[in-house]
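The structure appears right after this line, and notes come after that.
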Amino acid sequence: MPHFGKTSKARLDGCDQRLQLLFRFVVQYQDCSILVGPRSEEDQMTAYTRGRSKLKWPESRHNVQPLSKAVDAAPWPIDWNDRERFVKFAGAVQLAADFLGIAIRWGGDWDGDGTGTDNSFDDLVHFEIVD
Ligand SMILES: [Zn+2]
81 MPHFGKTSKA
91 RLDGCDQRLQ
101 LLFRFVVQYQ
111 DCSILVGPRS
121 EEDQMTAYTR
131 GRSKLKWPES
141 RHNVQPLSKA
151 VDAAPWPIDW
161 NDRERFVKFA
171 GAVQLAADFL
181 GIAIRWGGDW
191 DGDGTGTDNS
201 FDDLVHFEIV
211 D
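Per the numbering used here, residue 81 is the first one in the sequence shown, and the count goes up by one each step.
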């Protein structure tokens, strides 16, 4: 059964309990890696400057303290050129979240309408809690 490595585990530990529950569930069926959990002010501004985030500190859900309300996760092994794989993974994460009763938003479909064609900013590894 797949499981998280040390680094992924440490990143996930810095996230909201619901994200921890969700991704500990997901990883059992779909091997994945946690790329980002909480983001410090410096990391958020770097992400913003490099165009990886549209938000400045402290507006991102990754900046929520004490536990991040966003996580970046990717199917393992990561192939950044295989867009389909990220979409498929997000579908599995969404189904798991529905099953567990956790409301999430995915960066490939910000408005949650089920289509990605109207998505202004693709952040295919981003999942966040909707409160
Ligand atoms: Zn993110």
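Ideal Cβ positions, reconstructed from N, Cα and C, are used throughout, including at glycine.
Can you tell me the Cα-Cα spacing of TRP137 and CYS112, whole angstroms? Pairing TRP137 with CYS112, the inter-Cα distance amounts to about 27 Å.
LEU180, enclosing beta strand (DSSP E) - first and last residue: No beta strand (DSSP E) holds LEU180; the alpha helix (DSSP H) holding it covers 163-180.
Alpha carbon of SER133 to alpha carbon of TRP190, nearest angstrom: For SER133 and TRP190, the gap between their C-alpha atoms comes out near 13 Å.
Would the stretch 88-95 and the stretch 163-181 be scored as touching if the rule is three or more Cβ pairs under 8 Å? No: fewer than three Cβ pairs fall under 8 Å.
Run the CB neighbour count on ASN161, radius 10 Å, all protein chains shown included, and call it buried at 16 or more, exposed below. When all chains shown are included, ASN161 counts as exposed.
Bridge-paired residues (DSSP) for GLU208: Per DSSP, ALA150 and ARG185.
Determine whether the beta carbon atoms of VAL116 and VAL173 lie at a separation below 8 Å. The Cβ atoms of VAL116 and VAL173 do not sit closer than 8 Å to each other.
How about LEU204 and ALA183: do their beta carbons lie closer than 8 Å? By the CB criterion at 8 Å, LEU204 and ALA183 fall outside the cutoff.
PRO82 to SER120, Cα distance in whole Å? C-alpha separation (whole angstroms): 29 Å.
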